[in-house]
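Chemist:
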Amino acid sequence: MAEFFTAIDDKHRAFIEKQPVFFVATAAEGARINLSPKGMDVFRVLGPHRVAYLDLGGSGNETQAHLAADGRITIMFCAFDNPALILRLYGRGSFIGVDDAGFDEMMVHFSPLPGMRQIFVVDVDSLQTSCGWGVPRMEFERERDTLVRYHAQQDPGERLAKIAARNKSIDGLPVTVQKTLYVDAD
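According to my numbering, the residues represented by the sequence shown are 8 to 193, in order.
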């Protein structure tokens with residue numbers, strides 16, 4: 008049975024911190040719904056009503072375009088082990104690019120990764136848990152290192168030029184071209 012909450016408590020935080028994957032959904036009027044899976048150790052609970060995640064450059068920047076246009080965001084975690092559980096965070100999101108004021112202050116919550124381009128911050132207004140009994144049981148093997156390796160070998164200038172050429176979402180919404188930071192991979 009689904010239960011709604013108005014704040015992230017310690018039990019919710021522990022569940023979130025245990026999950027190796029999360030899903031981000033956004034939408035803007037007249038645009039496609041975007042749903043992106045995320046991995047790596049990039050998600051942080053900052054308080055009972057605020058979360059953030061470090062975003063690396065990838066195939067597009069739909070989340071940023073949708074948040075700039077609309078602001079609504081849903082983040083979902085689901086347990087692939089026992090006990091079964093699904094947790095959704097509902098809120099309004101914004102982004103802080105690597106050149107924006109506040110980026111360095113927010114980065115204290117994260118470990119730097121090659122290819123980081125922005126931090127998404129979500130003000131959570133409600134959350135929901137549900138049974139998750141239909142989610143398959145699976146074991147986590149390991150993180151993929153492909154994205155980090157890809158960014159570690161990229162020439163920053165070439166990568167920025169490529170990103171600048173794609174300054175719109177798939178539905179034509181504007182995307183702020185973000186400088187991408189390239190730190191050494193450990």
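Note that the Cβ used here is the ideal one computed from N, Cα and C, for glycine as well.
Measuring only the C-alpha atoms, how far is residue 58 from residue 162?
Modeler: One-based indexing of the sequence shown puts residue 58 at position 51. One-based indexing of the sequence shown puts residue 162 at position 155. Their Cα atoms are separated by approximately 31 Å.
Chemist: Evaluate contact between the stretch 61-69 and the stretch 84-97, counting only Cβ atoms and requiring at least three cross-stretch pairs below 8 Å.
Modeler: The stretch 61-69 is not in contact with the stretch 84-97.
Chemist: Could you tell me the alpha carbon to alpha carbon distance between residue 155 and residue 133, rounded to whole angstroms?
Modeler: Here residue 155 refers to the residue found at position 148 when the sequence shown is read from its first residue. Here residue 133 refers to the residue found at position 126 when the sequence shown is read from its first residue. One C-alpha to the other measures close to 33 Å.
Chemist: Give a yes or no on whether the C-beta atoms belonging to residue 73 and residue 41 are separated by under 8 Å.
Modeler: In the sequence shown, residue 73 corresponds to position 66, counting from 1. In the sequence shown, residue 41 corresponds to position 34, counting from 1. Going by C-beta atoms, residue 73 is nearer than 8 Å to residue 41.
Chemist: Compute the beta-carbon to beta-carbon distance between residue 77 and residue 10, rounded to the nearest angstrom, for a pair I have assumed lies under 8 Å.
Modeler: Numbered from its first residue, the sequence shown carries residue 77 at position 70. Numbered from its first residue, the sequence shown carries residue 10 at position 3. Going by Cβ atoms, the distance from residue 77 to residue 10 rounds to 27 Å, so no, they are not a contact pair.
Chemist: Using only the alpha-carbon positions, how far apart do residue 85 and residue 25 sit?
Modeler: The sequence position of residue 85 within the sequence shown is 78, counting from 1. The sequence position of residue 25 within the sequence shown is 18, counting from 1. Each residue's Cα considered, the two are about 10 Å apart.
Chemist: Just to confirm, is the Cβ distance from residue 52 to residue 82 under 8 Å?
Modeler: On the sequence shown, residue 52 is found 45 positions in, with the first residue counted as 1. On the sequence shown, residue 82 is found 75 positions in, with the first residue counted as 1. Result no, Cβ atoms of residue 52 and residue 82 do not sit closer than 8 Å.
Chemist: What's the gap between the Cα of residue 48 and the Cα of residue 120?
Modeler: The residue given as residue 48 occupies position 41 in the sequence shown. The residue given as residue 120 occupies position 113 in the sequence shown. Residue 48 and residue 120: Cα-Cα distance of roughly 10 Å.
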